[in-house]
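Quick notes on the structure that follows.
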């Protein structure tokens, strides 16, 4: 069952909320995964940097197999990675506007600004997940449930394993920012029909 308790908490920042939401939704949906070489490389580089600073306890959060690929990684590390990438990307899209201003506009702005925010956020999350995961094994019943909920039953592309987690994270973002569900649905349908995700 999908745990949504993280939506009831108060967070210090949107970044903290997003990091936790990403970690929880990916834990809910993904059974097993393989990461891209680029992500494996970034994590190895990060561990080397941490070791240089004399902090060896990071080993408990990321374990590599004999081929140098991530075998086990803490969900919070992935959530943090996605959240940080999202914030950098959305600020770049909005011409380096402060995140607080972007979020305030998404909450208080017109329906068009909310739709734009949702579409941009979906695109950023989709691209981030696509660059993170090489292969995802997921819960089929969850995929069926969300395919029906978002009208994706006839969707034939192979990236459903990226689209569903994007939708789960976006549901959390929209609920957290009080953006209406119909705006999320319309934006998702528009982006899929235009093949933007």
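Residue numbers (UniProt numbering): 1 to 197. Don't be surprised by glycine CBs; every beta carbon is placed ideally from N, CA and C.
Extent of the continuous beta strand (DSSP E) to which residue i belongs
i, result
"residue 34", "30-35"
Distance, residue j Cα to residue i Cα
i, j, result
"residue 159", "residue 178", "28 Å"
"residue 15", "residue 156", "33 Å"
"residue 134", "residue 97", "32 Å"
"residue 23", "residue 78", "6 Å"
"residue 102", "residue 129", "22 Å"
"residue 48", "residue 126", "28 Å"
"residue 106", "residue 66", "45 Å"
"residue 167", "residue 50", "33 Å"
"residue 164", "residue 145", "10 Å"
"residue 34", "residue 27", "14 Å"
"residue 25", "residue 169", "6 Å"
"residue 70", "residue 64", "4 Å"
"residue 122", "residue 12", "23 Å"
"residue 181", "residue 119", "13 Å"
"residue 111", "residue 81", "30 Å"
"residue 183", "residue 90", "18 Å"
"residue 93", "residue 108", "19 Å"
"residue 9", "residue 68", "37 Å"
"residue 43", "residue 76", "13 Å"
"residue 99", "residue 72", "32 Å"
"residue 189", "residue 150", "8 Å"
"residue 173", "residue 52", "36 Å"
"residue 143", "residue 171", "15 Å"
Per DSSP, cross-strand counterpart(s) of residue i
i, result
"residue 72", "63"
"residue 137", "32"
The alpha helix (DSSP H) enclosing residue i, as first and last residue numbers
i, result
"residue 166", "160-176"
"residue 180", "Counting along the chain, residue 180 falls outside any alpha helix (DSSP H), and DSSP gives it neither H nor E."
"residue 116", "111-132"
"residue 10", "No alpha helix (DSSP H) contains residue 10, which DSSP labels as neither H nor E."
"residue 97", "Segment: none, residue 97 is in no alpha helix (DSSP H) and carries neither H nor E."
Buried versus exposed call for residue i [16 or more other C-beta atoms within 10 Å across all chains shown]
i, result
"residue 95", "exposed"
"residue 114", "buried"
"residue 83", "buried"
"residue 19", "buried"
"residue 199", "Look at the range of the chain in this structure, 1 to 197, and you will see that residue 199 is not part of it."
"residue 141", "exposed"
"residue 88", "exposed"
Inter-residue CB distance, residue i and residue j (contact presumed, cutoff 8 Å)
i, j, result
"residue 86", "residue 124", "5 Å"
"residue 38", "residue 131", "7 Å"
"residue 30", "residue 138", "6 Å"
"residue 161", "residue 153", "Actually they are not in contact, since the Cβ atoms of residue 161 and residue 153 sit about 16 Å apart, beyond 8 Å."
beta-carbon residue i near the ligand SAH non-hydrogen atom, thresh 6 Å
i, result
"residue 143", "Absence of the ligand SAH from the depicted structure is noted, as is the absence of any ligand whatsoever, leaving it without description."
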